[in-house]
Amino acid sequence: MYESTRGNLSGQRASQAITLGMVPSGGLFVPSIIPTLNWQDLQGLSYRDVAKRVMSPYLPDFTESALSKIVNVYADGTFDGSNPAPLVSVGSFGVLELWHGPTAAFKDMALQVLPDLLKDSLKLLNLDSDVLILVATSGDTGKAALEGFKNRDGMNIVVFYPEGGVSPVQERQMTTTEGMNTHIVAVKGNFDECQTAVKRIFASDTLKAKLQEKKLIFSSANSINWGRLLPQIVYYFWAYLQAVEQGKVVPGETMNVVVPTGNFGNIQAAYYAKRMGLPIGQIICASNKNNVLTDFFATGIYQSQRDFFQTISPSMDILVSSNFERFLYEMSGRNAEQIQTWYDSKNQGTFTVDPATLKQCQDAVYAGWADEEDTLETISQSYKAYQYVFDPHTAVAMKVYNDYLSATNDQTYTVIASTASPFKFASNVLTGLEGEKDKSWKDEWEALDYLSKLTEWEIPMGLQGLDQKPEKSVKACEPEGIAELLQKMFT
Ligand SMILES: *Cc1c(COP(=O)(O)O)cnc(C)c1O
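Letter 124 of the sequence shown, counting from 1, is numbered 120 in our numbering, and no numbers are missing.
Below, the structure written as structure tokens:
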């Protein structure tokens, strides 16, 4: 069963939690019990079968055959190569490449299964409605969600992104999506304003009622939806199984993970994997210049009222880190009353946790951050040292890992979650590799080819020929205008 982090709802089945996306009166769904799983029992299984075993205890209302169909996406060629999430040895550590899906970012790992999870959830609830998926994106979620939901019967998707806040490749990836049921809106504001406006829509009863007349219900494909988080737990098990197989860890020995973090979904999945019994040692949270989380782990003060920076790792340009609420729920000893107080809207995203909770947080996670210069330098140094190219997000993680090593000298085998292909951010990566001067590439599209020539890495399928594909029109709107726009589009 699932319950709300704010104590305002409990006893919900998985299908209900996934359909609703978030708790209508505020709060996020969390499993009321975190099941345990013996990783040894997964040895020798394919990714698909590991996914099934890891996800199934969280989905008791789904039949086994339904779940089998859902996880088949990991074996049907949607992800290139035979391994959807290879653990690549780089230097003395491992890089878990989570970007072999159709959009070259890790969000495919979950967004390729969410539409099926949702479809089956609706069936289980006997809901005879179509779904309207609303997504706020800082860049990568948008395209991954569009790809997952395009051309699906009974499902419409609208993606909202901050105008000027995503990379040219990210933007073009979104606008070249096929499908009559896919819509894109550029919101005037930064990602937080965009996300907050979309969250408000979920709480708007008037719009909900109007859509209901059209047999349309809202759901969310953001990582506030449990159906997004759950598939992400799988690849931490998969990483460990590979580390054992590669002889990097002795069975049972711990493995550290470093996660480039924005909305805290990916790292929260690592935390759940550890709670399930996977031998994870230190969990390391890496932020970019929007280092609200680093400050929190140092002080216990969550202060989202601060300057917002647009960085070269845009998918981490987040100050209101949604899934952090799930983390604090666990760290406070599941104190829903406390969570409700901290997240009360009158605090406007700023609160201080008690010393006991802070201690729990600090014991569970090590946090650090990297500025823009550090990030570019890390891309260049890593390439020189290992001939391995990091995208700017993963480079942030690499930098924080180096800082962690200097601070602790912890020799535990460590896996860095690599969240995007470097080609997704080619010109920034090239700036790291070659410096600002004498740019040999004219635009983002040339940068892709140039990076490919330089590194002899292939451009991922999903990024090839993007500049040639027809684009769909993008609607523009103010954060306050979203409700009206949706009403116009769907009622
Ligand atoms: C979304 C994203 C992140 C941040 O992940 P969260 O789960 O939101 O913390 C990091 N890197 C890339 C490339 C992303 O797309």
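Each residue gets a CB set at the ideal place from its N, CA and C atoms; glycine is no exception.
In the DSSP assignment, find the alpha helix (DSSP H) that holds residue i and state where it starts and stops.
i	result
S378	368 to 382
D136	136 to 145
M18	Premise fails: M18 is in no alpha helix (DSSP H) and is neither H nor E.
L128	Per DSSP, L128 belongs to no alpha helix (DSSP H); it is in the beta strand (DSSP E), 126 to 132.
N262	261 to 271
G277	Premise fails: G277 lies in the beta strand (DSSP E), 276 to 283, not in any alpha helix (DSSP H).
K195	187 to 198
V288	288 to 295
S85	Element bounds for S85: not the alpha helix (DSSP H) but the beta strand (DSSP E), 83 to 86.
F486	478 to 486
R302	Note, R302: premise wrong, no alpha helix (DSSP H); not H, not E.
I335	332 to 338
P111	110 to 120
R168	164 to 171
L107	104 to 107
L207	201 to 209
Kindly indicate the opening and closing residues of the beta strand (DSSP E) around residue i.
i	result
W365	361 to 365
N252	251 to 256
L92	89 to 93
V69	No beta strand (DSSP E) contains V69, which DSSP labels as neither H nor E.
H179	178 to 183
L212	212 to 216
Y232	Looking at the DSSP string, Y232 is not in any beta strand (DSSP E); the run it does join, the alpha helix (DSSP H), is 222 to 241.
V316	Here V316 belongs to no beta strand (DSSP E), and DSSP marks it neither H nor E.
V154	151 to 158
F347	346 to 348
K471	471 to 473
S0	-2 to 0
Mind checking residue i: buried by the 16 CB within 10 Å criterion, or exposed?
i	result
V155	buried
R488	As shown, the chain starts at -3 and ends at 487. That puts residue 488 outside it, with no answer to give.
N218	buried
V246	exposed
P351	exposed
G243	exposed
D370	buried
G248	exposed
G40	exposed
P466	exposed
P456	buried
N122	exposed
P56	exposed
I297	exposed
N489	This structure does not reach residue 489, given that the chain is present from -3 up to 487, and the question cannot be answered.
A540	Any answer about residue 540 is impossible in this case: the structure gives the chain only from -3 up to 487.
K139	buried
E321	buried
K395	buried
E532	The question about residue 532 has no answer here: the residues shown for the chain are numbered -3 through 487.
A47	buried
D124	exposed
E167	buried
T340	Note on residue identity: the sequence assigns Asp, not Thr, to residue 340. By the 10 Å Cβ count, D340 comes out exposed.
Q489	Residue 489 lies beyond the residue range present for the chain, which begins at -3 and ends at 487; the question has no answer from this structure.
E93	buried
If we cut at 9 angstroms on Cβ distances, does residue i have a partner in chain C?
i	result
E432	Among the protein chains of the structure shown there is no chain C, as only one such chain exists.
For this session: Could you say if the region 40 to 57 and the region 217 to 230 meet the contact criterion of at least three C-beta pairs nearer than 8 angstroms?
Result: Enough Cβ pairs lie closer than 8 angstroms, so yes.
Exercise. Just checking, does the region 427 to 440 make contact with the region 128 to 135 on the three C-beta pairs under 8 angstroms criterion?
Worked result: Verdict: no, contact absent.
Exercise. Counting Cβ pairs closer than 8 angstroms, one from the region 446 to 460 and one from the region 188 to 196, do we hit at least three?
Worked result: As far as the Cβ criterion goes, the region 446 to 460 does not touch the region 188 to 196, which means the pair count is below three.
For this session: May I ask you to verify whether the region 233 to 243 touches the region 199 to 206, counting CB pairs closer than 8 angstroms and requiring at least 3?
Result: By the Cβ criterion, the region 233 to 243 is not in contact with the region 199 to 206, since fewer than three pairs of Cβ atoms, one from each stretch, lie closer than 8 angstroms.
Problem set entry | Any 3 or more C-beta pairs closer than 8 angstroms across the region 66 to 74 and the region 202 to 217 | The region 66 to 74 makes no contact with the region 202 to 217; the number of CB pairs closer than 8 angstroms stays below 3.
Exercise. Of all the beta strand (DSSP E) runs that stay within the bounds of the region 9 to 49, which reach a length of 3 or more residues?
Worked result: Within the region 9 to 49, the complete beta strand (DSSP E) segments at least 3 residues long are 25 to 27, listed from N- to C-terminus.
Problem set entry | Cβ contact (3+ pairs, closer than 8 angstroms) linking the region 281 to 293 and the region 416 to 428 | These segments do not touch.
Exercise. Where are the beta strand (DSSP E) runs, 3 residues long or more, that stay fully inside the region 403 to 453, in chain order?
Worked result: List check, beta strand (DSSP E) in window: 410 to 414.
For this session: Spell out a yes or no on whether the region 103 to 114 and the region 403 to 410 are touching, meaning 3 or more CB-CB pairs, one atom from each, closer than 8 angstroms.
Result: No, they do not touch.
Exercise. With a cut-off of 8 angstroms, do at least 3 Cβ pairs link the region 325 to 332 to the region 147 to 165?
Worked result: No, because fewer than three Cβ pairs between the region 325 to 332 and the region 147 to 165 fall closer than 8 angstroms, the two stretches do not touch.
Problem set entry | At least three beta-carbon pairs within less than 8 angstroms, the region 91 to 104 to the region 133 to 144 | Touching, yes.
Problem set entry | At least three beta-carbon pairs within less than 8 angstroms, the region 270 to 277 to the region 13 to 33 | With a cut-off of 8 angstroms, the region 13 to 33 and the region 270 to 277 count as touching, because enough Cβ pairs lie within range.
Exercise. On the three-pair Cβ rule with 8 angstroms, is the region 167 to 187 touching the region 468 to 479?
Worked result: In short, these stretches touch, since the Cβ pair count reaches three.
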